[in-house]
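S.K.: In the numbering used here, the protein residues as written are 61 to 689. Beta carbons: idealized from backbone N, C-alpha and C, even for Gly.
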């Protein structure tokens with residue numbers, strides 16, 4: 061296999077290394093790329109730089125599972141520094157939606173990649189046999205992974221850590237990615253997933269099992285000035301919010317959200333206070349935390365909102381010692397969506413998803429659809445290999461999840477998500493396929509927060525709850541109407557809020573940390589590790605540039621978010637989930653929400669195409685030429 065060493069001079073101690081790897085898996089050739097500083101200032105890092113690379117290097121119309129597609133792994137600008145950088149992103153053309161694809165992840169991989177000297181890795185081509193990439197500081201080589209193919213993601217990480225040492229960080233795929241499941245992700249840190257957009261299938265299509273990174277450096281840009289800045293900013297954190305996340309993680313909102321209308325219930329067709337009154341049985345504090353042993357934090361996280369479990373004492377649901385506490389999305393996708401209130405079953409389902417490499421949102425949603433299809437006679441006990449799919453039946457849910465992971469029976473169809481399942485099954489199954497643009501819906505009901513509707517439908521990567529957060533401390537996001545039943549006057553607010561989230565993601569920052577931190581200081585953090593003089597206006601323009609390039613890519617590949625179908629259960633056009641409870645009678649004014657947002661962005665009302673003037677104003681002249689030729 062190919063082995064090489066970067067021969068550049070000493071690394072500049074900035075927030076970025078100025079180096080990336082290009083890996084051609086067809087030929088085995090690995091080359092080093094040295095981007096200009098302007099790339100970082102214009103796009104920061106993460107999927108900001110990923111958007112630029114995907115636009116430039118993946119030809120229009122490329123097959124998402126073909127060799128021309130790029131699988132990019134990019135750390136954020138602040139990742140690896142003392143200043144709140146934990147996150148990294150995977151970027152590709154999505155095989156799940158057919159257009160723009162990205163997935164965000166915590167854990168330790170992004171930090172270790174930066175410490176090893178690399179801001180990103182871009183994989184092209186396809187290997188003839190399974191391989192993994194080994195990076196040891198400035199040395200790198202492809203190695204045979206034939207003996208690793210078939211291993212679960214957590215199991216494989218243990219094997220590679222035994223082989224390369226405990227300090228190795230591993231990003232890999234499980235069996236779901238290997239079998240090209242369209243709802244598979246990329247795993248690191250024994251259960252943190254870059255889960256959405258089908259990025260695991262792209263990695264599997266390239267026969268790339270894992271990336272292993274070792275680094276000697278401990279922190280980037282750790283100077284007396286940055287340490288002083290860190291401490292001063294920690295003093296400005298909203299302490300109650302920080303303490304809540306540390307004590308409960310996002311699991312702390314599960315029971316409340318199931319009853320107040322936030323969580324979808326019974327495949328978006330139920331009402332929590334009626335269909336799932338047992339929600340308190342999966343309360344994070346009283347039910348989940350007693351099963352945990354210790355707190356967990358992603359790389360140098362100041363909040364540490366995760367936790368790792370004791371070994372299960374329930375033989376039916378044998379999750380191992382140090383299983384990650386399930387986050388809210390997993391608890392709701394398997395719990396409220398399927399009416400399952402057994403904490404051990406939910407922790408075990410989360411563990412299985414991590415081992416197989418499934419996106420928990422999509423996997424839980426697929427099982428909900430399967431239950432409705434079974435209950436309505438669209439699929440039968442013969443199809444399910446004897447599994448009787450019923451609401452609230454934890455054993456059946458786990459059995460079907462295992463069948464999905466092993467690609468058995470009708471479950472193999474659901475392993476590619478609900479859109480594919482509906483198309484292959486037919487007979488009215490599409491009524492129960494809760495997705496937008498091919499991607500399963502997250503666990504927040506937009507009838508409670510209208511901006512989620514616009515995000516779910518119109519973002520280039522559909523059905524994504526992490527693309528909106530109306531942060532008030534930033535000082536650059538206009539307020540939204542306080543009444544969630546008022547749909548006018550939200551466009552400018554939503555535009556700024558979504559562009560802010562692009563800055564957070566491309567910067568490598570965690571959304572939960574930013575909820576507690578004084579985000580008005582963000583340019584100061586960027587400047588401290590780069591020497592720039594960026595202000596809030598320039599920073600927000602970076603977010604706008606990323607937003608427009610992502611949308612331009614989606615449009616170039618034939619996508620039109622405006623024409624995406626949204627299930628009526630989501631909007632309130634169907635009264636199945638609005639006949640009672642907190643959301644009773646609510647029906648979204650979808651046209652107002654969409655039009656005001658598109659006008660604020662200067663995107664075409666029919667095609668979502670960014671205007672030529674907007675693209676040129678953002679320095680995207682080449683994109684403007686391509687879209688408006």
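(1) Can the beta-carbon of residue 49 be found less than 8 Å from the beta-carbon of residue 103?
(2) Taking the alpha-carbon positions, what's the residue 474 to residue 156 distance?
(3) Sorted by chain position, which residues of the same chain lie with C-beta nearer than 6 Å to residue 185's C-beta, five sequence neighbours on each side aside?
(4) Does DSSP put residue 359 in a helix, in a strand, or in coil?
(5) May I have the straight-line CA-CA distance separating residue 340 from residue 543, to the nearest angstrom?
(6) At which residues does the beta strand (DSSP E) containing residue 153 begin and terminate?
(7) Just verifying my parser: in three-state terms, what is the DSSP assignment at residue 606?
(8) For the candidate residues 523, 207, 180, 199, whose alpha-carbon lies nearest to that of residue 191?
(9) Starting from the Cα of residue 351, find the closest Cα among 144, 253, 210, 380 and give me that residue.
(10) Kindly indicate which residue of 495, 472, 497 has the alpha-carbon position closest to the one of residue 25.
(11) Closest by CA to residue 508, which one among 322, 638, 188, 154?
(12) Quick check: what's the CA-CA separation for residue 530 versus residue 405?
(13) Leaving aside the five residues before and after residue 504 along the sequence, list all residues of the same chain whose C-beta is less than 7 Å from its C-beta, in chain order.
(14) I'd like the span of the alpha helix (DSSP H) that includes residue 181, first residue to last.
(15) Relative to the ligand GTP, is the shortest distance from any of its heavy atoms to the C-beta of residue 207 smaller than 7 Å?
(16) Could you check the C-alpha separation between residue 647 and residue 666 for me, to the nearest Å?
(17) State the Cα-Cα distance for the pair residue 76 and residue 581, rounded to the nearest angstrom.
(18) Look at the Cβ atom of residue 230, then the Cβ atom of residue 262, and state whether they are nearer than 8 Å.
(19) For residue 179, count neighbouring C-beta atoms within 10 Å of its own C-beta (all shown protein chains included) and say buried if the count is 16 or more, exposed if not.
(20) With a threshold of 16 other CB atoms inside 10 Å of the CB of residue 236, please say whether the residue is buried or exposed.
(21) The beta strand (DSSP E) spanning residue 269 covers which residue range?
(22) Give a yes or no on whether the minimum CB-CB distance between residue 369 and chain D is below 8 Å.
(23) Ignore the nearest five residues each way along the sequence and tell me which others in residue 67's own chain have a CB closer than 7 Å to its CB.
(24) Which value, in whole angstroms, describes the spacing of the CA atoms of residue 296 and residue 673?
(25) Assuming the contact rule is C-beta atoms closer than 8 Å, residue 592 and residue 138 should be a hit. Round their C-beta distance to whole Å, please.
(26) Quick check on residue 633: buried or exposed, where buried means 16 or more other Cβ atoms within 10 Å of its Cβ?
(27) Rounding to the nearest angstrom, what Cα-Cα distance links residue 690 and residue 313 in this structure?
M.R.: So, from the data block:
(1) The requested residue 49 does not occur in the structure, where the chain is confined to residues 61 to 689.
(2) 13 Å
(3) 84, 85, 86, 127
(4) coil
(5) 28 Å
(6) 148–153
(7) helix
(8) 207
(9) 380
(10) Shown here, the chain extends from 61 to 689; a query on residue 25 therefore has no answer.
(11) 322
(12) 34 Å
(13) 322, 512, 525
(14) Premise fails: residue 181 lies in the beta strand (DSSP E), 180–184, not in any alpha helix (DSSP H).
(15) For the structure depicted, the ligand GTP is absent and the ligand set is empty, with no information on it obtainable.
(16) 23 Å
(17) 19 Å
(18) no
(19) buried
(20) buried
(21) 268–274
(22) You won't find chain D in this structure, because it holds only one protein chain.
(23) Note on residue 67: pLDDT 38, under 50, position unreliable in the model; the coordinate value appears next. Cβ within range, chain order: n/a, list empty.
(24) 39 Å
(25) Wrong, their Cβ atoms sit about 13 Å apart, outside the cutoff.
(26) exposed
(27) Because the chain here runs from 61 to 689, residue 690 falls outside it and cannot be looked at.
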